[in-house]
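Peer 1: One structure, pasted below without further comment.
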Amino acid sequence: MVRLRFAPSPTGYLHVGGARTALFNWLYAKKNNGKFLIRIEDTDTERSSKDFEEIILNSLKWLGLLWDEGPDVGGDFGPYRQSERLEIYRKYAEKLVSEKKAYYAIYNNNNEEIEKSFEKPSNFKNKDYSFVIKFIVPKEGKTYFDDLLKGKMEFENKLFDDFIIIKSNGYPTYNFAVVVDDHLMKITHVFRGEDHLSNTPKQILIYDAFKWESPIFMHIPLILGEDKTPLSKRHGGTSVTYFQENGFLKDALLNYLAILGWSVEKEVFNVFDEIKKFDPSKISNKSVVFDYKKLEWINGQHLRTSPIEKIEKEFLEYLKLVKLKIANVNRAYFQEVITICREKVNTLKQLYDISYPFFFDDFIYEEDYIKKFLLKPEAETILKTAIEKLNKINNFTLEEIEKNLRLIAEELNLGTKKVFQTIRGAVFGKLVTPGLFESIKVLGKQKTIERLNKTLIFRSNYEK
Ligand code: GLU
């Protein structure tokens, strides 16, 4: 049975690179009917926080990358927070000392190592001294491991100095805790960012010292920004929270993260439908550039092709998250509005902007509309004629609306563009909306006429 883990350090939001790592681990566990677990690596006491832990877990939940074992759900191999496992690390470090594979290094106040010992120092209560436990690196030989993506990796042991495994505050270092935990939690595969490649030989040395078998490793190339440096805030938003708050759909974000390295025959797909196809050997060993435009395009594809109920649900969740309200409308109307509006936009944020005038009367007329259409002398006649014609329609169908609006252009001997834009802006405040006839149909006869009247009043006040 395969067991994979995602082991975030709760020192910040969930970076999209971390989310992609979690996704690949999750996909492999799911594909093989194995287990996926979360372990919180909070040994950096200065930078770790419970708030970040919660944010990271919420981001993973939002994406739908759920876990079988973890700090919140428990499991047979807990605790799943490293800060709650200090005794375990101490015990294993002391075992190495007793086998002379590690030693106590004693430091004075100037941070100089003054003594090495296999006996636990008894004077550590003395403020003038502190001690750590250091792992003894063999002075010769090589350390190897097979990376799924990079093949055989080989490191000269003499490149490494003895390194700290337990710090003076009693906390383990990353390289030590990760080995003890991956072993005790029976992790079979470790997929993680390439930035950890240089840590892996140290970890292998620890596995060897304990005579433990190491998991299978795969180091994934980092996600880069346009300038080919690791994707960071300098390039734009990088956290899952950022994309969530900017109206991206979870399935689209997962889809994009998946194709940042993994290729399936198609570009737009639902990750949950392709689990069985996931194959780590198809992951590219080249670094990939994060393309915000491409992500937005993929988001648009999902926005338009997902079942409307799904979009409705995510839109409502999004509005709640960013504390935006929508007027109380009935569900059928709400669905009709998003059905026509989603054709024009790529994100839920844009969906909110474009659908706003379908829900609220207090929209503001775009400057461009006012200057290019509303203030033109013929605007008044166009709007008055529109009111007259729309008023006369009994059966407010798409065909009737179209026929009557076209008639205005004909009768006034004006271009349809001019007529339609004048009406569009009067009813919705904007020059870009879903198709004019369907927009008017969805909004309804009464509201449309009300708005045309209101715009005429606005126009006459504007002139004064
Ligand atoms: N806590 C480490 C990190 O966030 C985990 C690395 C690993 O997967 O071993 O980078």
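If you read the sequence shown in the working numbering, its first letter stands for residue 224, the second for the next number, and so on. Note that the Cβ used here is the ideal one computed from N, Cα and C, for glycine as well. These numbers come from a predicted model, not from an experiment.
Could you round the C-beta distance between residue 464 and residue 282 to whole angstroms and report it? I think they count as a contact, below 8 Å.
Peer 2: Between residue 282 and residue 464 the Cβ distance is about 6 Å, and since that is below 8 Å, they are a contact.
Peer 1: Check residue 445 in the structure and name its three-state DSSP category.
Peer 2: The answer is coil: DSSP assigns residue 445 none of H, G, I, E or B.
Peer 1: If you run the structure through DSSP and keep just helix, strand and coil, what is residue 246?
Peer 2: It is helical.
Peer 1: Do you know how far the Cα of residue 564 is from the Cα of residue 657?
Peer 2: Straight-line Cα distance between these residues: approximately 6 Å.
Peer 1: Pick from 415, 334, 328 and 428: whose alpha carbon is nearest that of residue 484?
Peer 2: The shortest C-alpha separation from residue 484 is found at 415.
Peer 1: Can you find the residues in the same chain that come closer than 8 Å, C-beta to C-beta, to residue 324, ignoring five residues on each side of it along the sequence?
Peer 2: The residues are 358, 359 and 432.
Peer 1: Comparing C-alpha positions only, which one of 620, 243 and 355 sits nearest to residue 399?
Peer 2: Ranking 620, 243 and 355 by Cα distance to residue 399 puts 355 first.
Peer 1: May I have the straight-line CA-CA distance separating residue 495 from residue 237, to the nearest angstrom?
Peer 2: Residue 495 and residue 237: Cα-Cα distance of roughly 21 Å.
Peer 1: Would you call the region 660 to 669 and the region 641 to 651 touching, i.e. three or more CB-CB distances under 8 Å?
Peer 2: The answer is yes - the region 641 to 651 touches the region 660 to 669, with three or more Cβ pairs under 8 Å.
Peer 1: Compute the Euclidean distance between the alpha carbons of residue 401 and residue 227, then round it to the nearest angstrom.
Peer 2: Approximately 13 Å, taken between the alpha carbons.
Peer 1: Using DSSP bridges, identify the partner residues of residue 304.
Peer 2: Per DSSP, 263.
Peer 1: So, helix, strand or coil for residue 378, using DSSP?
Peer 2: Strand.
Peer 1: Using only CA atoms, which one of 470, 340, 397 and 244 lies nearest to residue 305?
Peer 2: Among 470, 340, 397 and 244, the Cα nearest to that of residue 305 is on 397.
Peer 1: Near residue 487, which residues of its chain fall below 7 Å by C-beta distance, leaving aside the five closest residues on each side in sequence?
Peer 2: Excluding sequence neighbours, residue 487 sits near 497 and 500.
Peer 1: Hey, quick one: how far does the alpha helix (DSSP H) through residue 394 stretch, first residue to last?
Peer 2: Careful: residue 394 lies outside any alpha helix (DSSP H) and carries neither H nor E.
Peer 1: Residue 413 bridges to which residues according to DSSP?
Peer 2: BP columns for residue 413 point to 440.
Peer 1: Tell me which same chain residues have a C-beta within less than 8 Å of the C-beta of residue 436, skipping the five on either side of it?
Peer 2: Answer for residue 436: 430, listed in chain order.
Peer 1: Closer than 7 Å to a non-hydrogen atom of the ligand GLU - does that hold for the CB of residue 270?
Peer 2: False, no ligand heavy atom lies under 7 Å from that Cβ.
Peer 1: Closer than 7 Å to a non-hydrogen atom of the ligand GLU - does that hold for the CB of residue 243?
Peer 2: Flag unset: Cβ of residue 243 not near the ligand GLU.
Peer 1: Under the three-state reduction of DSSP, which class applies to residue 512: helix, strand or coil?
Peer 2: Strand.
Peer 1: Answer yes or no: the CB of residue 406 versus the heavy atoms of the ligand GLU, is any distance below 7 Å?
Peer 2: Not under cutoff, so the answer is no.
Peer 1: Beta-carbon separation of residue 248 and residue 229 under 8 Å?
Peer 2: It is a contact, given that the beta carbons lie within the stated cut-off.
Peer 1: Can you check the region 580 to 644 for any alpha helix (DSSP H) of at least 4 residues that lies completely inside it and give the ranges in chain order?
Peer 2: Complete alpha helix (DSSP H) runs here, min 4: 602 to 615 and 621 to 635.
Peer 1: Is the region 508 to 521 in contact with the region 282 to 293, if contact means three or more CB pairs nearer than 8 Å?
Peer 2: In short, these stretches do not touch, since the Cβ pair count stays below three.
Peer 1: How many Å lie between residue 683 and residue 588 at the Cα?
Peer 2: Distance between the alpha carbons of residue 683 and residue 588 is about 14 Å.
Peer 1: Could you pull the DSSP bridge partners for residue 367 from this structure?
Peer 2: Answer is 377, bridged to residue 367.
Peer 1: Based on Cα-Cα distance, which residue from 467, 635 and 515 lies nearest to residue 542?
Peer 2: Checked all of 467, 635 and 515; the closest Cα to residue 542 is 467.
Peer 1: So, is the C-beta of residue 604 closer than 8 Å to a C-beta in chain B?
Peer 2: Protein chains in the displayed structure number just one, and chain B is not present.
Peer 1: For residue 457 versus residue 448, is the C-beta spacing smaller than 8 Å?
Peer 2: Yes.
Peer 1: Which of helix, strand or coil does DSSP assign to residue 473?
Peer 2: Helix.
Peer 1: Ordered along the chain, which non-local residues of its own chain (more than five positions away) have a Cβ less than 7 Å from that of residue 627?
Peer 2: 612, 613 and 616, listed in sequence order.
Peer 1: Under 7 Å Cβ to Cβ from residue 234, same chain only, skipping five residues before and after it: list those, please.
Peer 2: These residues qualify, in order along the chain: 267, 270, 271 and 275.
Peer 1: What are the boundary residues of the beta strand (DSSP E) that residue 328 is part of?
Peer 2: Element bounds for residue 328: 325 to 331.
Peer 1: Measure from the alpha carbon of residue 425 to the alpha carbon of each residue in 376, 394 and 569, then state which is nearest.
Peer 2: Selected option, being the one with the closest Cα: 376.
Peer 1: Whole angstroms are fine: how far does the CA of residue 674 sit from the CA of residue 558?
Peer 2: Cα to Cα, the separation comes out at about 22 Å.
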